[in-house]
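Okay, so here's the structure we're looking at.
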Amino acid sequence: MTPRRASAWVAALGIVAAVGLVAALGLAAAGCSSTPSSDPAAALRRAQSMTPADARLAGLYAQSCKACHTAADSGAPLAGDAAAWGPRWAKGLPALLTSTVGGVGGMPPGGQCFACSAADYETLIRFMADHPS
Ligand code: HEC
Numbered sequence: 035m036t037p038r039r040a041s042a043w044v045a046a047l048g049i050v051a052a053v054g055l056v057a058a059l060g061l062a063a064a065g066c067s068s069t070p071s072s073d074p075a076a077a078l079r080r081a082q083s084m085t086p087a088d089a090r091l092a093g094l095y096a097q098s099c100k101a102c103h104t105a106a107d108s109g110a111p112l113a114g115d116a117a118a119w120g121p122r123w124a125k126g127l128p129a130l131l132t133s134t135v136g137g138v139g140g141m142p143p144g145g146q147c148f149a150c151s152a153a154d155y156e157t158l159i160r161f162m163a164d165h166p167s
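Pasting the structure below:
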């Protein structure tokens, strides 16, 4: 290899390394911004400790929403996790009711609550999103 060739190689390797570094930094930044909560373990503990005050609603919740909305790997926004609910709450309660009744992503229609009325869904959504009124 001539010295000239060698320096071209060094330059090319430098570019590849720089592109790789930028890509890695980009991925790291994307990973941070898509994390729903700054402390996932605390968010999980909080979700699992929450229960609706009303006994009938607590029963409906325990039989349906709770299974997914207190499980870290379900893809559901955790109950009481302000970071996860913020952007969803911003869509407005009517939109959230529609997606609950019709299903969305990994959530089956009605959130698996067969005894829930529209008012029950609203109270349960408010409860999980931490917007009681
Ligand atoms: C089988 C699991 C499962 C059950 C049971 C469940 N959910 Fe969900 N829920 C999900 C998942 C997963 C998402 C995220 C869906 C997405 O955005 O891709 C979600 C999202 C939501 C959202 C946000 C919808 C939006 O438009 O952003 C609301 C509101 C909601 N669930 C309410 C409820 C209520 C109320 C119950 C109980 C009556 C319930 N869910 C039961 C899995 C579940």
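Okay, so the sequence shown: first residue is 35 according to this note's numbering, each after it adds one.
We treat Cβ as the ideally placed atom computed from N, Cα and C, and that holds for glycine.
Fair warning: this is a prediction, and the values are worked out from it, not measured in the lab.
Could you check where the alpha helix (DSSP H) with residue i kicks off and where it finishes?
i           : result
residue 97  : 89-97
residue 134 : 127-136
residue 121 : 116-123
residue 152 : 152-163
Helix, strand or coil for residue i per DSSP?
i           : result
residue 84  : coil
residue 166 : coil
residue 53  : In this predicted model, residue 53 has a pLDDT of only 45, less than 50, meaning its place in the structure is not dependable enough to derive any value.
Ligand 1 and residue i: does the residue's C-beta get closer than 7 angstroms to at least one heavy atom of that ligand?
i           : result
residue 139 : yes
residue 109 : yes
residue 134 : yes
residue 98  : yes
residue 90  : no
residue 103 : yes
residue 113 : no
residue 120 : no
residue 158 : yes
residue 153 : no
Discussion item. Three Cβ pairs or more, each shorter than 8 angstroms: is that satisfied between the region 70-77 and the region 110-117?
Written reply: Touching, per the Cβ criterion.
Discussion item. If contact is defined by three or more beta carbon pairs under 8 angstroms, each pair taking one atom from either stretch, is the region 87-101 in contact with the region 120-131?
Written reply: No, because fewer than three Cβ pairs between the region 120-131 and the region 87-101 fall closer than 8 angstroms, the two stretches do not touch.
Worksheet entry | Given 8 angstroms, three or more beta-carbon pairs between the region 157-167 and the region 79-97 | The region 157-167 makes contact with the region 79-97, as at least three CB pairs between them are under 8 angstroms.
Practice prompt. Check whether the region 130-137 touches the region 82-91, counting contact only when three or more Cβ pairs, one atom from each stretch, lie closer than 8 angstroms.
Written response: In short, these stretches do not touch, since the Cβ pair count stays below three.
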